[in-house]
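Okay, structure first, notes after.
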Amino acid sequence: MSCRGMMCGGCSATKPATAEIQAIADQVKSQLEEKENKKYTMFKAVEYQSQLVAGTNYFIKVQVEDDDFIHIRVYESLPHENKPLALHSYQTNKTSHDKLTYF
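Sequential numbering from 1366 applies to the sequence shown in my numbering.
See the structure below:
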């Protein structure tokens, strides 16, 4: 399933990462490092898509080395639920040319 358009439950178009998206990526970096059992010296959000559900899913392409990227899926609950951002899933061994898709 590819994310296109902005229908209800659909994903937004891919956009360049903003400071807000970098902050979201930074908040789940330690969760990813724990799962992968490694430390990332570079963790630069490059682009993202968002999907409105009961909260928001963020699909973020993160540069971790010169030509090594990881796609992360971060779930942000609704504000009144007062829960931390959660790393939902991720895909390693991506390149700068790999398109962000729903996963």
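Every residue gets a Cβ at the ideal spot worked out from N, C-alpha and C, and that includes glycine.
{"Query": "Expected contact under 8 angstroms - CB spacing of HIS1413 and ILE1425 to nearest Å", "Result": "It is Tyr, not His, that sits at residue 1413 in the sequence shown. TYR1413 to ILE1425, Cβ: 5 angstroms. Contact."}
{"Query": "Distance CB(LEU1397)-CB(GLY1420) smaller than 7 angstroms", "Result": "no"}
{"Query": "Where ASP1432 falls: helix, strand or coil (DSSP)", "Result": "coil"}
{"Query": "Distance between beta carbons of LYS1409 and VAL1427, contact taken as under 8 angstroms", "Result": "7 angstroms"}
{"Query": "Cβ distance (whole Å) where PHE1434 is taken to contact SER1461 below 8 angstroms", "Result": "6 angstroms"}
{"Query": "Backbone secondary structure at HIS1462 - three-state DSSP", "Result": "coil"}
{"Query": "Segments of 4+ residues assigned as alpha helix (DSSP H) that fall wholly inside the region 1378-1451", "Result": "1384-1401"}
{"Query": "Reduced DSSP category for TYR1467 - H, G, I as helix; E, B as strand; rest coil", "Result": "coil"}
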